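Right, one structure below, let's go through it.
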Amino acid sequence: MTEVEGVEVAELICADPFAACDPFATGCFLREGLRMGDGAAGNTLLDDDRPNAEQNISTAASWYTVIVLCLALLISFTDRLVINLVVDPIRADLVLTDFQVSLLQGAGFAVIFALAGLPCGRLADWANRRNVIMIGIALWSVATIACGVAGDFWSFLAARVAVGLGEAALIPAASALIFDSFSSRRRGIALGIFSLGATFGTGVAMLVGGVVLAFASLEPMALIGPLAPWRQMFMLVGMPGLLLLPLLLLIREPQRRHNSGLLPLAGVLRRLGADNGAVLRLCLSKGALGIGNYAFLSWLPTLLQRAHGMTPLEAGGLIALSITTSGVLASLAGGALSDWMVQRWGVATRIVPLLGCCLLSMSGASTTFFAATGQQMTLSFAIWAFGSISGYVIGHVVMQENVPNEMRATTIALSLTITALLGIGLGPTLVPLVAEHVFGGEANMQPAMATVSLGAALLSFVVIWPSARKGLRAIGR
56 MTEVEGVEVA ELICADPFAA CDPFATGCFL REGLRMGDGA AGNTLLDDDR PNAEQNISTA
116 ASWYTVIVLC LALLISFTDR LVINLVVDPI RADLVLTDFQ VSLLQGAGFA VIFALAGLPC
176 GRLADWANRR NVIMIGIALW SVATIACGVA GDFWSFLAAR VAVGLGEAAL IPAASALIFD
236 SFSSRRRGIA LGIFSLGATF GTGVAMLVGG VVLAFASLEP MALIGPLAPW RQMFMLVGMP
296 GLLLLPLLLL IREPQRRHNS GLLPLAGVLR RLGADNGAVL RLCLSKGALG IGNYAFLSWL
356 PTLLQRAHGM TPLEAGGLIA LSITTSGVLA SLAGGALSDW MVQRWGVATR IVPLLGCCLL
416 SMSGASTTFF AATGQQMTLS FAIWAFGSIS GYVIGHVVMQ ENVPNEMRAT TIALSLTITA
476 LLGIGLGPTL VPLVAEHVFG GEANMQPAMA TVSLGAALLS FVVIWPSARK GLRAIGR
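Quick note: to get our numbering, add 55 to the position in the sequence shown (first position is 1).
Below, the structure is given as structure tokens:
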């Protein structure tokens, strides 16, 4: 072992001196035996674990990067989800059905988000990641403002497609950039803090959206004229992203670890299929949780207004409180717990808490069946969210530790693509379909939402079990 500023560093040793240029070489191993699995090819931890001080980037600069990117993620989720608070006003003004609105919430965003995800990830593995992020933020912010002036279903759909295209660039580039800024002992908490942006963004979408709707009026706006409150809301929430752009100019690109250039797509696929498809299982597990996430987020605000007589401000405030509280605790707890597992039993055990996260989400979905008040509904959602968000944080770190730098952003993009197709694409649409065809009508949103989310958590558990079982064996040794 070598030591840099008191931190032990595992050195990558290759039995074959020419294998160093091949991240899939079977001769490579970590001298201290830090492995993701049981020693199969491709299971070696491929990061050299040098602390960020060795990369000429200060700790302060690293944390500045996390904070600014957390703000970007917050704005991203706000612009993505604020539509869920104004389903009925949009439906009335544009004369839409619940199914058409679900397409604006879900598939209209998700399809392009999924299709653009992998190209954006490949671009981030090759180009300057900060610049990729800045272009994405500019695009989705302008598109969110455009939602506020949409005159019919198709123009609204086009704006939502543009939002999805811009947001597809953020998480792959940001996650890989943060990963290269920290040693393995701090990555869990760093990515956990970054993920707080999603939590706060969801809360902001509900709370600020409700406030804007409560105080907006039909008074003419400068250069535009009179606009409905929901249109004013879209225009206002689209502006912060543009104001954030100057702060990103201060972010420095950290040195990429073990970077030998962009990997061929065949090499990427070979790595993803290694170890019984462990990385693909993580992607699918997170995607399954995404189905439940978007089933709740898309229809809980509407359910609270329709079934429990709440105003948009009341519904948004209650959801914001539940998601923010559970999300903050889950993001920090998930990252810290996974870091502790690594320090106590080794890297292979970081994935184990993901099983408990799935079980916790199942319990939240189950209690949704029996919730009798709006407060009980949001409490069930908070339980679901704690399990789901902590599972996302843990899965995010495990994925990046199990692939080489040259395909890290691509892997994250693949995960986001699967989450978009399963979560955003299916979650909002499955709820009204299940309500209509299983429970007898659109009035039965509550049992439909519970059914969809429970099935999603169960699927996530089943998919991740083979990989997590290896971590359980490592604890027992």
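We put the beta carbon where it would ideally sit given N, CA and C, even for glycine.
Because the structure is a prediction, the values reported are computed rather than measured.
Start-to-end residues for the alpha helix (DSSP H) that takes in residue i
| i | result |
| --- | --- |
| residue 1 | The question about residue 1 has no answer here: the residues shown for the chain are numbered 56 through 532. |
| residue 153 | 153 to 160 |
| residue 491 | 480 to 492 |
| residue 134 | 114 to 136 |
| residue 186 | 184 to 202 |
| residue 290 | 284 to 292 |
| residue 471 | 463 to 474 |
| residue 510 | 500 to 531 |
Option in the options with minimal Cα separation from residue i
| i | options | result |
| --- | --- | --- |
| residue 129 | 256, 192, 146 | 256 |
| residue 192 | 302, 512, 349, 264 | 302 |
| residue 215 | 342, 197, 502 | 197 |
| residue 511 | 525, 389, 483 | 483 |
| residue 387 | 364, 490, 249, 425 | 249 |
| residue 259 | 282, 235, 295 | 295 |
| residue 419 | 238, 505, 519, 328 | 505 |
| residue 390 | 199, 363, 450 | 450 |
| residue 325 | 217, 466, 421 | 466 |
| residue 168 | 151, 213, 203 | 213 |
| residue 288 | 176, 399, 268, 209 | 268 |
| residue 490 | 354, 444, 334, 371 | 354 |
| residue 372 | 137, 118, 119 | 137 |
| residue 358 | 382, 428, 393 | 428 |
| residue 184 | 124, 501, 200, 444 | 124 |
| residue 304 | 497, 527, 116, 518 | 116 |
| residue 383 | 118, 149, 252 | 252 |
| residue 211 | 513, 148, 177, 121 | 148 |
| residue 158 | 199, 422, 209 | 209 |
| residue 531 | 131, 396, 514, 439 | 396 |
| residue 218 | 455, 154, 203 | 203 |
| residue 452 | 243, 290, 133, 172 | 243 |
| residue 352 | 507, 494, 464, 414 | 507 |
| residue 439 | 118, 120, 374, 456 | 374 |
| residue 441 | 131, 520, 455, 411 | 411 |
| residue 365 | 443, 515, 143 | 143 |
| residue 424 | 471, 464, 509 | 509 |
For residue i, three-class secondary structure by DSSP
| i | result |
| --- | --- |
| residue 534 | This structure does not reach residue 534, given that the chain is present from 56 up to 532, and the question cannot be answered. |
| residue 310 | coil |
| residue 216 | helix |
| residue 143 | helix |
| residue 181 | coil |
| residue 389 | helix |
| residue 322 | helix |
| residue 150 | coil |
| residue 169 | helix |
| residue 206 | coil |
| residue 496 | coil |
| residue 328 | coil |
| residue 305 | coil |
| residue 101 | Low confidence applies to residue 101: its pLDDT is 42, below 50, so where it sits in the model is not reliable, and the reading given next is rough at best. Coil, per DSSP. |
| residue 63 | At residue 63, the pLDDT of 34 sits below 50, so the modelled position is not reliable; the number obtained from the coordinates is stated separately. In this structure, residue 63 counts as strand in the three-state DSSP scheme. |
| residue 295 | helix |
Test: residue i CB closer than 7 Å to a CB of chain D
| i | result |
| --- | --- |
| residue 212 | This model lacks chain D altogether, as it is built from one protein chain only. |
Mind listing, in chain order, the continuous alpha helix (DSSP H) runs of no fewer than 4 residues lying wholly within the segment 397 to 458?
-> 408 to 423, 429 to 456
Unbroken alpha helix (DSSP H) runs of length 4 or more, entirely within the segment 220 to 277: which are they?
-> 225 to 234, 239 to 270
Inter-stretch contact at 8 Å, needing at least 3 Cβ pairs: the segment 422 to 442 / the segment 459 to 469 | no
Decide if the segment 225 to 233 is in contact with the segment 178 to 189; the criterion is three or more beta carbon pairs, one per stretch, under 8 Å apart.
-> yes
Any 3 or more C-beta pairs closer than 8 Å across the segment 159 to 166 and the segment 478 to 493 | yes
Is there contact here, the segment 218 to 228 with the segment 343 to 350, by at least three beta-carbon pairs under 8 Å?
-> no
Between the segment 404 to 414 and the segment 261 to 268, do at least 3 Cβ pairs fall closer than 8 Å?
-> The answer is no - the segment 261 to 268 does not touch the segment 404 to 414, with fewer than three Cβ pairs under 8 Å.
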